[in-house]
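All you need for our numbering is the position in the sequence shown, starting with 1, plus 6. The beta-carbon is built from N, C-alpha and C at its ideal position, and this holds for glycine as well. What follows is a set of notes on a single structure, which appears directly below.
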Amino acid sequence: MDAAYVFRVEFRLDPEDAAVDPERFETAMELPANEPDTDGWLFFRDRLWRGEIGDGAPFRRLASERLGAEVVAADFRELRTDREYLDALRSAIAADLDRFNAESVDEVVRKYLGSSIHVRAE
């Protein structure tokens, strides 16, 4: 199984002993998706809403820690996944729909990821 959350992030460099131009940069950042039913697998539920980052400030802090630079903007792009991971994710969601306050797996997927799922060949 292989999956990652992909974000577009802008980060800023502000070195004490140097000047940089430009001081802002844009890049893609991938965060590995934890396997369903393991610690951290609910990242999508806790961080995303309808394919957008739900609360930008905490996410920018998380991204800044991961990148080692101040992230000033971020946008969710996609859950990039293989079929095995997506099937396992859908099964884990189905096993506990009440957790998501939803009536179907499709509703949960739309509610949190929107249409931002990219299934890649294995």
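Can you look up residue i in the DSSP assignment and give me helix, strand or coil?
i      : result
Arg116 : helix
Val111 : helix
Please return the same chain residues whose Cβ sits closer than 6 angstroms to the Cβ of residue i, not counting the five positions on each side in sequence.
i      : result
Pro38  : Ala10
Val114 : Ile99, Phe106, Ala108
If I'm right that residue i touches residue j with Cβ under 8 angstroms, what's the distance once you round it to whole angstroms?
i      : j      : result
Ile123 : Val111 : Not confirmed; about 12 angstroms, so no contact.
Gly60  : Ala80  : Actually they do not touch by this definition, with Cβ atoms about 12 angstroms apart.
Phe31  : Phe13  : Between Phe13 and Phe31 the Cβ distance is about 14 angstroms, and since that is not below 8 angstroms, they are no contact.
Alpha carbons only, please: which of the options is nearest the one belonging to residue i?
i      : options                    : result
Trp47  : Ala24, Arg56, Asp23, Ser97 : Ser97
Arg116 : Glu71, Phe50, Ala25        : Phe50
Pro64  : Ala25, Arg126, Arg53       : Arg53
Excluding sequence positions up to five away, which residues of its chain have a Cβ less than 7 angstroms from the Cβ of residue i?
i     : result
Thr33 : Val15
Tell me which same chain residues have a C-beta within less than 8 angstroms of the C-beta of residue i, skipping the five on either side of it?
i     : result
Trp55 : Lys117, Tyr118
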